[in-house]
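Engineer: Here it is, the structure in full.
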Amino acid sequence: MAALFQDPPRECPLCPRLAAFRADNRAAYPDWHNAPVPAFGPLDARLLIVGLAPGLRGANR
1360 MAALFQDPPR ECPLCPRLAA FRADNRAAYP DWHNAPVPAF GPLDARLLIV GLAPGLRGAN
1420 R
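Residues 1360 to 1420 in the working numbering are what the sequence shown spells out, letter by letter.
Structure representation (structure tokens):
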């Protein structure tokens, strides 16, 4: 059975610094996405790219 990736919740609190940043930007720019961007692709892919931060507006959403 293939492993399934669980997207983080919109209000993910695991990183307090990032949660505060999102809250500040959500207040300043309420029309922007300001939330985690869903992952894509298979978990068993041969190439893993880590650390690409999405743009404040949702990175091509």
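Idealized CB from N, CA, C, for every residue including glycine.
Using DSSP with H/G/I as helix, E/B as strand and the rest coil, what is D1383?
Structural biologist: In the structure shown, D1383 sits in a helix (DSSP, three-state: H, G or I).
Engineer: Rounded to the nearest angstrom, what separates D1390 and F1364 at their Cα positions?
Structural biologist: C-alpha separation (whole angstroms): 27 Å.
Engineer: Reducing DSSP to helix, strand and coil, say where A1404 ends up.
Structural biologist: The answer is coil: DSSP assigns A1404 none of H, G, I, E or B.
Engineer: Given this structure, state the Cα-to-Cα distance separating P1375 from I1408, to the nearest angstrom.
Structural biologist: Cα to Cα, P1375 sits roughly 24 Å from I1408.
Engineer: Whole angstroms are fine: how far does the CA of D1366 sit from the CA of A1386?
Structural biologist: Computed Cα separation, rounded: 23 Å.
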